[in-house]
Amino acid sequence: MGALLGLLASILGLLGLGGGGGGSTPPAPPDPPPSAATPLTSGDRLGVARDGDRAVLRTADGRQAFLRGANVNALVDYGGAHGTVPVTDRDAEQARALGFTVVRLAVSWSRIVPQPGAVDAAYLDEVRRAAGRFADRGIHVLLDLHQDRYGAGLGPTRDERDGAPRWAQLTGGASTAGGSTDHDYYGSAAARAAARAFFDDATVPGTGRTLQAHYGDALVALADVGEDLGPALAGIELFNEPVDPVRASLQPSDVATFYRERLWPFYRRAIERLRTSGYDGPIWFEGSATRTHTDDDPSAARFSDDPGLVYGPHVYTDVYNGRNGSGTPARIAASFARARDEAERYGAALAPTELPGAAGTIGGDWERDREATLDQLDALGAGGMVWVWKQHPSRDYGWGVLTAGGGLRGGTEIAQDYGRARVRSSSAPIASVAWRGGTLRVRTTGAGVVELWDGAATGARPLERGASPTLTVDGTAAAAGAVEAVTATSPLASAAAWIGGRVLRVTVGDGEHEVALARAGG
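All the letters of the sequence shown, read from the start, carry residue numbers 1 to 522 under UniProt numbering.
See below:
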């Protein structure tokens, strides 16, 4: 997350909008009955393919995948600064009922390799179990080797800090006191020094190996876990939110220097390490996290010839700069347009891995901006993952999809986000996707199957199987034999009854067609 989340959490706490401080992990609700969902098959395995002049995520059986979901931080090692909420089968059932097709599961280098050369098999089993809960319910999992401000214990505990194990924190004795450096992101001289040692690929004393070589051990161990997920693996993410530890500048020339001298060399080493280990799936990456503040990565360029790259920028337009006003939707559109161009310059598929997940209780502008973000994901044919699935009460700034206890947060997300119809995948070529006035319109230019999600809904009973009465192809009701419906239902622990939605698979023929879906009320 961005450098100002600590400040954001404090402000929300003062306003009474955040969660409580401290405390133990809240008890998880009982697990639901076993899911009727079918696990993903070999045809669902994801890869990166060319679609004209751009790269896209495509399944092994030829469908373009539009991944939508959330970040899960249950397994991140925050060094005791705050807690996390464990993953249970109920989480996976709820994610499925919301129509999610992916989760970004954040894990920590400090837990994978707690000592040099010693991989913690027990922690990797935790990762397998958590990922497997989602995989068993037909949800892809992106394994994200996560970090914030390089490592826990390197600065004030109010800052979200995680990532490197203590043995990989080469600080040279620099101070961990807040304000001991002028860098806005790292916050302490120790964090800045440790991050510089990493990006300079310093040698770890007593091991004869560099920091990035040790980091590669964690990546390979994580890829081994991914192999166990089979077709449910969405990929391995190299590094969360890289920030230049040398310069605290947003100037394009300084960011370009960071890329050339430190970030791209690191990424090339990491990619080579994964590929030589036998991993052949998608590899996800970001540019500098300064894009969070500038909405632009002017230095984006092809740094690797690897054909399996996915660009996952974090799009937090106007979240951290106080501009959350009437001009934000236009700036969101401009930010996504640049992200599309950046992905093309990288030669990578586009799938933003963090989007703001503010609840409706924070204010109407947030919900308006979330809708503008979804408009852009539709228009670009891109995936996207909100931060975050659940927050522990000790670190709750209002962004959880669900509360720590499992209830749906806020009052407007059903209409604005999770209740909104969207495309999940398509083997038919798609010319455009747009949501207007409560109707999803998909224009296709060839034969195939368009898989839609008709949205979550509140109601007293599950939706019935079958095609929505408002589903049309070229203005007329879809033929009964052209639609397959799969019902996904799951109650949430909330005051109002809540149910899931449906997956609809619509077959279209050659030529141009318009598939329109306005989900019936639940």
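Cβ atoms here follow ideal geometry from the backbone N, Cα and C, with glycine treated the same way. Please read these numbers as outputs of a predicted model, since none were measured by experiment.
Task: Cβ neighbour criterion (16 or more within 10 Å) applied to Gly509 - done: The sequence position of residue 509 within the sequence shown is 509, counting from 1. Exposed, because fewer than 16 other Cβ atoms sit within 10 Å of the Cβ of Gly509.
Open item on the list: Strictly by DSSP, which residues pair up with Asp144?
Closed with: For the purposes of this step, residue 144 is taken as residue 144 along the sequence shown, with counting starting at 1. Partner(s): Ala106, Glu237.
Task: Inter-residue Cα distance where the pair is Gly455 and Asp144 - done: One-based indexing of the sequence shown puts residue 455 at position 455. One-based indexing of the sequence shown puts residue 144 at position 144. Answer to the nearest angstrom: the Cα atoms are 27 Å apart.
Open item on the list: Looking at Val140: is its Cβ nearer than 8 Å to the Cβ of Val107?
Closed with: Start at 1 with the first residue of the sequence shown, and residue 140 comes out as number 140. Start at 1 with the first residue of the sequence shown, and residue 107 comes out as number 107. Position check: residue 140 holds His in this sequence, whereas Val was assumed. Taking 8 Å as the Cβ cut-off, His140 and Val107 do not qualify as a contacting pair.
Open item on the list: Could you tell me the alpha carbon to alpha carbon distance between Ala421 and Leu350, rounded to whole angstroms?
Closed with: Position 421 of the sequence shown, counted from the start, is the residue given in the question as residue 421. Position 350 of the sequence shown, counted from the start, is the residue given in the question as residue 350. Taking the straight line from one Cα to the other gives about 21 Å.
Task: Ala477 in three-state terms, based on DSSP - done: Counting from 1 along the sequence shown, the entry for residue 477 is found at position 477. The three-state reading of DSSP puts Ala477 in strand, counting E and B together.
Open item on the list: Measuring straight from C-alpha to C-alpha, what distance separates Arg149 and Asp77?
Closed with: Residue 149 sits at position 149 when you count from the first residue of the sequence shown. Residue 77 sits at position 77 when you count from the first residue of the sequence shown. Going from the Cα of Arg149 to the Cα of Asp77 covers about 13 Å.
Task: Whole-angstrom distance between Ala221 and Arg424, CA atom to CA atom - done: To locate residue 424, count along the sequence shown from 1; it is residue 424. To locate residue 221, count along the sequence shown from 1; it is residue 221. Distance between the alpha carbons of Arg424 and Ala221 is about 30 Å.
TODO: Would you kindly check if the distance between the Cβ of Ala130 and the Cβ of Ala74 is under 8 Å?
DONE: Here residue 74 refers to the residue found at position 74 when the sequence shown is read from its first residue. Here residue 130 refers to the residue found at position 130 when the sequence shown is read from its first residue. Cβ distance < 8 Å, so Ala74 and Ala130 count as in contact.
Task: Cβ-based neighbour list, Pro231, same chain, cut-off 7 Å, excluding 5 preceding and 5 following - done: By 1-based counting over the sequence shown, the position of residue 231 is 231. The residues are Leu40, Thr41, Ser42, Asp44, Arg45.
Open item on the list: Closest to Tyr279 by C-alpha separation, out of Arg260, Asn321, Gly132, Asp228, would be which residue?
Closed with: Position 279 of the sequence shown holds residue 279. Nearest C-alpha to Tyr279: Asp228.
TODO: Report the rounded CA-to-CA distance for Leu124 versus Gly511, giving the unit in angstroms.
DONE: Counting from 1 along the sequence shown, the entry for residue 124 is found at position 124. Counting from 1 along the sequence shown, the entry for residue 511 is found at position 511. If you take the alpha carbons of Leu124 and Gly511, they lie about 48 Å apart.
TODO: To the nearest angstrom, report how far apart Glu514 and Val442 are at their CA atoms.
DONE: Here residue 514 corresponds to residue number 514 of the sequence shown, with the count starting at 1. Here residue 442 corresponds to residue number 442 of the sequence shown, with the count starting at 1. C-alpha separation (whole angstroms): 6 Å.
TODO: Under 6 Å Cβ to Cβ from Thr157, same chain only, skipping five residues before and after it: list those, please.
DONE: Translated into positions along the sequence shown, residue 157 becomes position 157. Taken in chain order, the residues that qualify are Ala81.
Open item on the list: Please report the distance separating the alpha-carbon of Arg273 from that of Val450.
Closed with: Translated into positions along the sequence shown, residue 273 becomes position 273. Translated into positions along the sequence shown, residue 450 becomes position 450. In a straight line, the C-alpha of Arg273 is about 37 Å away from that of Val450.
Task: Distance CB(Ala194)-CB(Gln169) smaller than 8 Å - done: By one-based count along the sequence shown, residue 194 stands at place 194. By one-based count along the sequence shown, residue 169 stands at place 169. Taking 8 Å as the cut-off, the Cβ atoms of Ala194 and Gln169 count as close.
Open item on the list: Please state whether the Cβ-Cβ distance between Thr176 and Ala190 is less than 8 Å.
Closed with: Position 176 of the sequence shown holds residue 176. Position 190 of the sequence shown holds residue 190. With respect to the 8 Å criterion, Thr176 and Ala190 are classified as neighbours on the basis of their beta carbons.
Task: Nearest neighbour of Ile347, chosen from Gly208, Glu286, Ile430, Val483 [CA to CA] - done: By 1-based counting over the sequence shown, the position of residue 347 is 347. The sequence shown places Gly at residue 347, not Ile. Residue Glu286 is the option with its Cα nearest to Gly347.
TODO: For the alpha helix (DSSP H) holding Ile271, just list the boundary residues, first then last.
DONE: Sequence index remark: in the sequence shown, residue 271 carries index 271 (1-based). Where Ile271 is concerned, the enclosing alpha helix (DSSP H) stretches over 264 to 276.
TODO: Measuring alpha carbon to alpha carbon, tell me which of Arg196, Leu154, Ala477 ends up nearest Gly178.
DONE: Against the sequence shown, residue 178 aligns to sequence position 178. When C-alpha distances from Gly178 are compared across Arg196, Leu154, Ala477, the shortest belongs to Leu154.
Task: C-alpha gap between Leu504 and Phe100, whole angstroms - done: Stepping through the sequence shown from its first residue, residue 504 is reached at position 504. Stepping through the sequence shown from its first residue, residue 100 is reached at position 100. So the two alpha carbons sit approximately 14 Å from each other.
Task: DSSP beta-bridge partners of Asp201 - done: The residue you call residue 201 lines up with position 201 of the sequence shown. Checking the DSSP bridge columns, you'll see Asp201 has no partner listed.
TODO: Enumerate in chain order the residues of its own chain whose CB-to-CB distance from Val72 is below 6 Å, with the five nearest sequence positions on each side excluded.
DONE: Taking the first residue of the sequence shown as 1, we reach residue 72 at position 72. Once the five neighbours on either side are set aside, the close Cβ partners of Val72 are Val103, Leu105, Trp389.
Task: Buried or exposed by the 16-neighbour rule on C-beta atoms within 10 Å, applied to Arg262 - done: Position 262 of the sequence shown, counting from 1, holds the residue named residue 262. With 16 or more Cβ atoms within 10 Å of its Cβ, Arg262 is classed as buried.
Open item on the list: Based on DSSP bridge pairs, tell me the residues matched to Asn71.
Closed with: Working through the sequence shown from its first residue, we reach residue 71 at position 71. According to DSSP, which records beta bridges pairwise, Asn71 is partnered with Arg104.
Task: Coarse secondary structure for Ile139, derived from DSSP in three states - done: Here residue 139 corresponds to residue number 139 of the sequence shown, with the count starting at 1. Three-state DSSP puts Ile139 in coil, outside helix and strand.
TODO: Pick helix, strand or coil for Tyr311, following the three-state DSSP scheme.
DONE: Looking up residue 311 in the sequence shown gives position 311. Strand, per DSSP.
TODO: Would you mind stating whether Pro265 and Val204 have Cβ atoms separated by less than 8 Å?
DONE: Along the sequence shown, one-based indexing puts residue 265 at 265. Along the sequence shown, one-based indexing puts residue 204 at 204. No, they are not a contact pair.
Task: DSSP-derived helix/strand/coil call for Pro356 - done: As a working note, residue 356 is residue 356 in the sequence shown. Residue state, collapsed to three classes: strand.
Open item on the list: Could you check whether the stretch 54 to 74 touches the stretch 377 to 388, counting it as contact only if at least three pairs of C-beta atoms, one from each stretch, sit closer than 8 Å?
Closed with: Yes: the two stretches touch, three or more of their Cβ pairs being nearer than 8 Å.
TODO: Starting from the C-beta of Ala92, find all residues in its chain whose C-beta is less than 8 Å away, skip the five residues before and the five after it, and write them out in chain order.
DONE: Against the sequence shown, residue 92 aligns to sequence position 92. Counting only Cβ-Cβ distances below 8 Å, and skipping sequence neighbours, we find Ser35, Arg133, Phe134, Asp136, Arg137, Ile139.
Open item on the list: According to DSSP, simplified to helix, strand and coil, what is Gln169?
Closed with: Counting from one through the sequence shown, the residue named residue 169 turns up at place 169. Gln169 falls in the coil class under three-state DSSP.
Open item on the list: Excluding the 5 residues flanking Thr328 on each side, which residues of the same chain have their C-beta closer than 8 Å to its C-beta?
Closed with: Along the sequence shown, one-based indexing puts residue 328 at 328. Same-chain partners within the cutoff: Thr317, Asp318, Asp365, Arg368, Asp369, Ala372.
Open item on the list: Going by C-alpha to C-alpha distance, which of Asp297, Gly325, Val310 sits closest to Ala339?
Closed with: One-based indexing of the sequence shown puts residue 339 at position 339. Scanning Asp297, Gly325, Val310 for the CA closest to the CA of Ala339 turns up Asp297.
Task: Distance, Gly47 Cα to Ala223 Cα - done: The residue you call residue 223 lines up with position 223 of the sequence shown. The residue you call residue 47 lines up with position 47 of the sequence shown. Distance between the alpha carbons of Ala223 and Gly47: 15 Å.
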